[in-house]
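J.: Got a structure for you, written out below as structure tokens; questions coming shortly.
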């Protein structure tokens with residue numbers, strides 16, 4: 311396993327209220343990622359917008375499970391939707407989450 315650089319420690323003069331608000335945002339993002347199917351969905355959506363049938367084919371997750379987890383992500387504001395005819399297209403709504411997914415990919419996904 312590759313050595314990891316130590317994370318910078320926040321400066322001591324950070325406003326406690328601002329730090330608490332930032333912590334709440336971080337917890338919400340981590341909760342969204344703390345489910346294997348949701349993490350797989352978000353990793354796939356980090357590559358671009360997709361509809362349920364595309365996600366089902368690529369991830370081998372059954373449609374009822376996909377719909378349930380996409381609903382969770384939508385209610386949390388993690389994904390945004392766009393309707394095109396009968397299809398609903400999903401995309402990652404938060405650019406910060408894309409950065410977090412990139413870090414997770416770099417740390418845990420094997421190089422091809």
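Numbering (my numbering), first residue to last: 311 to 422. Backbone N, C-alpha and C fix where the C-beta goes; we use that ideal spot for every residue, glycine too.
#1: Pairing CB atoms from the segment 349-366 with CB atoms from the segment 375-389, are three or more of them under 8 Å?
#2: Rounded to whole angstroms, what's the CA-CA distance from residue 390 to residue 420? Just pull it up for me.
#3: So, for residue 350: in the same chain, excluding its five sequence neighbours on each side, which residues have a beta-carbon less than 8 Å away from its beta-carbon?
#4: Let me know if residue 348 comes out buried or exposed under the rule of 16 or more other beta-carbons within 10 Å of its beta-carbon.
#5: Provide the residue span of the alpha helix (DSSP H) that contains residue 362, from first to last.
#6: Among 357, 362, 388, which residue has its Cα nearest to the Cα of residue 341?
#7: With a CB to CB cut of under 7 Å and the five nearest residues on each side skipped, what residues in its chain are close to residue 360?
#8: Taking only the alpha-carbon atoms, compute the straight-line gap between residue 336 and residue 407 and give it to the nearest angstrom.
T.: If we stick to the structure as given:
#1: Enough Cβ pairs lie closer than 8 Å, so yes.
#2: In a straight line, the C-alpha of residue 390 is about 29 Å away from that of residue 420.
#3: For residue 350, where only same-chain residues beyond five positions count, the Cβ hits under 8 Å are 369, 371.
#4: Classification for residue 348: buried.
#5: From DSSP, the alpha helix (DSSP H) with residue 362 extends over 362-369.
#6: Selected option, being the one with the closest Cα: 388.
#7: Only 354, 399, 400 meet the Cβ criterion.
#8: Each residue's alpha carbon lies about 10 Å from the other.
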